[in-house]
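Terminal number for the sequence shown in the UniProt record's numbering: 218, no gaps in between. In what follows, a single structure is set out as structure tokens and then discussed.
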Amino acid sequence: MKIVPKSIQPMVLRALEQDILTGILKPSEKLDESILAKRFGVSRTPIREALLQLKASGLVDIQPRRGASVMKIELKTLFEMFETMAFYEATCAKLAARRAFPADIERIRDAHESSLEAAQKGDIELYFLLNIDFHEAIYSASRNKFLEQTASKLNKRLSPYRHAQLHCFNRVAESHAEHLGILVAIEQQDGDVASLRANQHISVQGGNFADFIARLHS
């Protein structure tokens, strides 16, 4: 039996996860072990193990005799997940406004400022990655480890869809402006405003929701 170096498995896992989160691999897209093994220059063992880990995190679906594919979420479930994500984000922001240390505020501010150039250029791919940093910083600033982990896990499951949202007209610029509003509220220790702005930032409503759904089915 071929021994797989320990460094190979995490590398494959990170690469596949990144491709799913950034939309390179689309929902329902088949993940063929042989093709992936050839792409990474490895045996099928680390591919299979990576797919099992991605299944555990909710990013991949594996069916008997049908193999693996990128997880596709039904529309009703997707809406419910965004609704729950908005609640988590609002709670994290509210707690961050009450509990954040100066270092936490600085981390949130740095993440926001780092994404400015990407927002101005409309660089969706870079902005998406920096957007994750901003939200993770707020989760951490809530000083509630369970909430931080729960919010982060759901955010990861929704990442392919949040990435798709950024392709809607002017969404990157809007997102960056909304981030500033959340940051200011946290800095001012105004938990109610931070919570409201964080909830509105995530909520998928009205025309934005229609644009988002149209994007998913295009």
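A virtual CB, placed ideally from N, CA and C, is assigned to each residue, including glycine.
Check: Can you pull the DSSP bridge partners for residue 67?
Finding: Within the sequence shown, residue 67 is the residue found at index 67, counting from 1. DSSP output for residue 67 lists 63 as bridge partner(s).
Margin query: Assuming residue 45 is part of the alpha helix (DSSP H), what are its boundary residues?
Written below: Position 45 of the sequence shown holds residue 45. Counting along the chain, the alpha helix (DSSP H) containing residue 45 begins and ends at 44 to 56.
Inset, instruction - Under 8 angstroms by Cβ, that's how I've got residue 49 and residue 198 pegged, so tell me the actual separation to the nearest angstrom. - result: Looking up residue 49 in the sequence shown gives position 49. Looking up residue 198 in the sequence shown gives position 198. No, residue 49 and residue 198 are not in contact; Cβ-Cβ is about 36 angstroms, not under 8 angstroms.
Boundaries of the alpha helix (DSSP H) in which residue 20 is found, first to last residue: To locate residue 20, count along the sequence shown from 1; it is residue 20. Per DSSP, residue 20 belongs to the alpha helix (DSSP H) from 8 to 21.
| field | Span separating the alpha-carbon of residue 163 from that of residue 43 | value | Reading the sequence shown from its first residue, position 163 is the one you call residue 163. Reading the sequence shown from its first residue, position 43 is the one you call residue 43. Straight-line Cα distance between these residues: approximately 31 angstroms.
With distances taken between CB atoms, is the gap from residue 302 to residue 112 smaller than 8 angstroms? Summary: the structure shown does not reach residue 302, with the chain confined to residues 1 through 218, and so no result is reported for it.
(request) Count the other CB atoms, across all protein chains shown, that sit within 10 Å of the CB of residue 122; report buried if there are 16 or more and exposed otherwise. (result) Here residue 122 corresponds to residue number 122 of the sequence shown, with the count starting at 1. Classification for residue 122: exposed.
> In the structure shown, what three-state DSSP assignment does residue 38 receive?
Replying inline: Position 38 of the sequence shown holds residue 38. In this structure, residue 38 counts as helix in the three-state DSSP scheme.
Roughly how far, in whole angstroms, is the beta-carbon of residue 71 from the beta-carbon of residue 27, given that I think they are within contact range, below 8 angstroms? Here residue 71 refers to the residue found at position 71 when the sequence shown is read from its first residue. Here residue 27 refers to the residue found at position 27 when the sequence shown is read from its first residue. The Cβ separation is near 7 angstroms, so the contact holds.
* **Nonlocal neighbours in the same chain, by C-beta distance under 7 angstroms from residue 173, ignoring five residues either side** => Here residue 173 corresponds to residue number 173 of the sequence shown, with the count starting at 1. Closer than 7 angstroms at the Cβ level, and outside the excluded window around residue 173, lie 119.
Below 8 angstroms on the Cβ atoms is my contact criterion, and I expect residue 54 with residue 16 to pass it. Report the Cβ-Cβ distance as a whole number of Å. Position 54 of the sequence shown, counting from 1, holds the residue named residue 54. Position 16 of the sequence shown, counting from 1, holds the residue named residue 16. Contact annotation, residue 54 with residue 16: C-beta distance approximately 6 angstroms; criterion of less than 8 angstroms satisfied.
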